[in-house]
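Numbering (my numbering), first residue to last: 7 to 308.
Each residue gets a CB set at the ideal place from its N, CA and C atoms; glycine is no exception.
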């Protein structure tokens, strides 16, 4: 049978659970992606057109995280608890180390791609803390990242459409010729850095709060993303948007078209709405998360 309901009920030995966990984990870790199987993502974003990057970051990466909830936790709950420390360690490496890697990027798409890996590290971290607040925080982070990463890649696409360059060094002073765009880009950059009242803050705060109750040092390591995330995002924003107009091609750039304005405006409303009033998103998760964790808490050992 391929019925998931049957898979959820079948008893398994610890050896079988661990082997299944490894098989599922390898597939989903590449998809999320988690460190150290993340190296394909920055190159994929660089080669992809803007639309491809938006779909990849906003939707495709979430399938891997969904797999953890749909397959690993309910099918192999004992192995999930046994190996939770391993997944948490990889998640923290993604949050801390990949954030530092993003700091030295010269290509805007690569920088945002690395930030995606760091943000998705919060998702897997939340799932394997096994508390309702942490799992809900991971789910909220998935939704938020879908809005914010899509918006960030669209902003890079807007500039690339005019300049045909993704390199940070080729820009500077964009606010002088594209003030509307600069305002939208500022909002999305702040959300990417986890500013309160944006969607980027809610999920990360929920996971960190749950991590404090689980283990203070895990929470402390995860909270470093508030520093590194602000550093690489705002450092990029400062160099691209502010400064003097030194590149003649930048002077020729035009502000947002009507279509571009409304596309970014819709995403801005989602980012602000979810950040200011996240209750509609979290309330629908309570029952599902509770049932999932109750199922994952029951041993299936033979």
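- DSSP links residue 173 through a beta bridge to 113.
- With a threshold of 16 other beta carbon atoms within 10 Å, residue 91 falls short and is exposed.
- Per DSSP, residue 223 is one residue of the alpha helix (DSSP H) stretching across 222 to 229.
- Each residue's CA atom was taken as its position, placing residue 287 and residue 235 some 24 Å apart.
- Here residue 130 is buried. Its C-beta has 16 or more other C-beta atoms within 10 Å.
- In the displayed model, residue 13 falls within a helix according to three-state DSSP.
- Shown here for residue 102: same chain residues with a beta carbon closer than 7 Å to its own, the five before and five after excluded, namely 227 and 230 in chain order.
- With respect to the 8 Å criterion, residue 292 and residue 80 are not classified as neighbours on the basis of their beta carbons.
- Taking a cut-off of 8 Å for Cβ pairs, the region 237 to 247 and the region 104 to 123 touch, as three or more such pairs fall below it.
- Excluding five sequence positions before and after residue 104, the CB atoms of its chain that fall closer than 6 Å to its own CB belong to 120, 123 and 124, given in chain order.
- Taking C-beta atoms as the reference points, residue 187 and residue 154 fail to come closer than 8 Å.
- The alpha-carbon separation between residue 182 and residue 174 amounts to approximately 16 Å.
- DSSP places residue 86 inside the alpha helix (DSSP H), whose first and last residues are 83 to 88.
- Looking only at 142, 110, 211 and 59, the smallest Cα-Cα distance to residue 166 is reached by 59.
- When the alpha-carbon of residue 161 is set against those of 21, 273, 147 and 289, the nearest one is in 273.
- Residue state for residue 167 is assigned as helix, using DSSP reduced to three classes.
- DSSP, reduced to helix, strand and coil, places residue 44 outside both helices and strands of the structure shown, so it counts as coil.
- Shown here for residue 250: same chain residues with a beta carbon closer than 7 Å to its own, the five before and five after excluded, namely 178 and 179 in chain order.
- For residue 7, the secondary structure class from DSSP, reduced to helix, strand or coil, is coil.
- In this structure, residue 212 and residue 142 form a Cβ contact; the two beta carbons are roughly 6 Å apart against a cut-off of 8 Å.
- Restricting attention to 63, 138, 9 and 22, the CA atom closest to the CA of residue 290 is found in 138.
- For residue 93, the secondary structure class from DSSP, reduced to helix, strand or coil, is helix.
- In terms of Cα proximity to residue 307, the closest of 83, 223, 29 and 225 is 83.
- Straight through space, the alpha carbons of residue 158 and residue 62 are spaced by roughly 13 Å.
- For residue 288, the enclosing alpha helix (DSSP H) begins and ends at 285 to 289.
- Take residue 23, set aside five residues on each side of it, and the residues of its chain with a beta-carbon closer than 6 Å to its own are 82, 84 and 85, in chain order.
- DSSP places residue 198 in the helix class (H, G or I) of the three-state scheme.
- Segment contact: the region 43 to 52 against the region 7 to 24, fewer than three CB-CB distances shorter than 8 Å; contact not assigned.
- Annotation for residue 46: 36 and 39 place their beta carbon closer than 8 Å to its own, counting only its chain and skipping 5 residues before and after.
- Contact between residue 146 and residue 284 holds, with the beta-carbon distance rounding to 6 Å and staying under 8 Å.
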